[in-house]
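Data first, discussion second: the structure below is written as structure tokens.
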Amino acid sequence: MNTTFGVSEPHSPTWRFKVGVGIIALMLGSWLMVPIAALMDVPGPRIAALTGVLFISNKVLLILAITIMGKSGFQQVKSRLAGYFSVLAPSVDVEVGPIRHKIGVIMFCVPLISSVLEPYVDTFWPGLRPNLWQIQLLGDLMLIGSFFVLGGNFWEKVRALFIRNARIASA
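Okay, structure coming up:
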């Protein structure tokens, strides 16, 4: 028993961690309300308002979760999640061959170019492009998949675009 004045011990050593993880789960699960609202034919402005409320409330909930769990608890959650996702990350050490590189660049560029051209195609040739969410989802998955096809070095190249003083190192 802790005899320090004004300080009490929690009932369980991990209750703060469990509450913080519960808040994070609530925060992530709340985003399911958006597609459910869309399926229930809620008007667009209300879905937009719901999205804005969720965006702001999730930031508040994240701060609350970090406050409850403490820095060490939040670092523990981050390290566990990083452990799961590090397996999926493309390896930096693997050299990508020329054919794989070309396929990856095509997978990277096609969804970007098509999304840039979509408004113009719809304006000049209405009805030419089928407005199917499945095709748009395929483009998004192709863009994400291109990072894995191109390998870990590609992500470093993209990241270097946003570093003002990045330089090319000749091999």
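In the working numbering, the protein residues as written are 127 to 297. Glycine is no exception: its CB is placed at the ideal position from the N, C-alpha and C atoms.
Throw me the rounded Cβ distance for the residue i and residue j pair, which I believe falls under 8 angstroms.
i: residue 233; j: residue 275; result: 6 angstroms
i: residue 265; j: residue 237; result: 4 angstroms
i: residue 286; j: residue 292; result: 4 angstroms
i: residue 288; j: residue 280; result: Contact flag wrong, Cβ pair sits at about 14 angstroms.
Could you check which residue in the options has the C-alpha nearest to that of residue i?
i: residue 155; options: 187, 172 and 173; result: 187
i: residue 241; options: 268, 205, 141 and 167; result: 268
i: residue 140; options: 261, 246 and 203; result: 203
i: residue 182; options: 157, 281, 193 and 166; result: 157
Specify, as a first and last residue, the run of the alpha helix (DSSP H) that residue i falls within.
i: residue 107; result: Coverage of the chain is limited to positions 127 through 297, which leaves residue 107 absent and any answer about it impossible.
i: residue 305; result: Not covered by the structure: residue 305. The range shown for the chain is 127 to 297.
i: residue 284; result: 278-286
i: residue 147; result: 141-155
Can you find the residues in the same chain that come closer than 8 angstroms, C-beta to C-beta, to residue i, ignoring five residues on each side of it along the sequence?
i: residue 220; result: 277 and 278
i: residue 271; result: 233
Might you give, ordered along the chain, the residues of its own chain that have their beta carbon closer than 6 angstroms to the beta carbon of residue i, omitting 5 neighbours on each side?
i: residue 191; result: 146, 149 and 150
i: residue 143; result: 195 and 199
i: residue 133; result: Because residue 133 sits at a pLDDT of 48, beneath the cut-off of 50, its placement in the model cannot be relied upon, and the following sentence gives the value as read from the coordinates. Contacts found: none.
i: residue 250; result: none
i: residue 152; result: none
Give me, in chain order, the residues of the same chain whose beta-carbon lies closer than 7 angstroms to that of residue i; leave out the 5 immediate sequence neighbours on both sides.
i: residue 176; result: 159, 160 and 163
i: residue 169; result: none
i: residue 137; result: Only weak support is given to the placement of residue 137: the predicted model assigns it a pLDDT of 42, under 50, and the value that follows is read from those uncertain coordinates. So the list is empty, once near-sequence residues are dropped.
i: residue 226; result: 275
Could you confirm whether any beta carbon from chain C is found closer than 8 angstroms to the beta carbon of residue i?
i: residue 206; result: You won't find chain C in this structure, because it holds only one protein chain.
Next on the checklist: Three Cβ pairs or more, each shorter than 8 angstroms: is that satisfied between the region 247-254 and the region 204-212?
Outcome noted: no
Checklist entry - Contact between the region 195-204 and the region 228-248: three or more CB pairs below 8 angstroms? => result no
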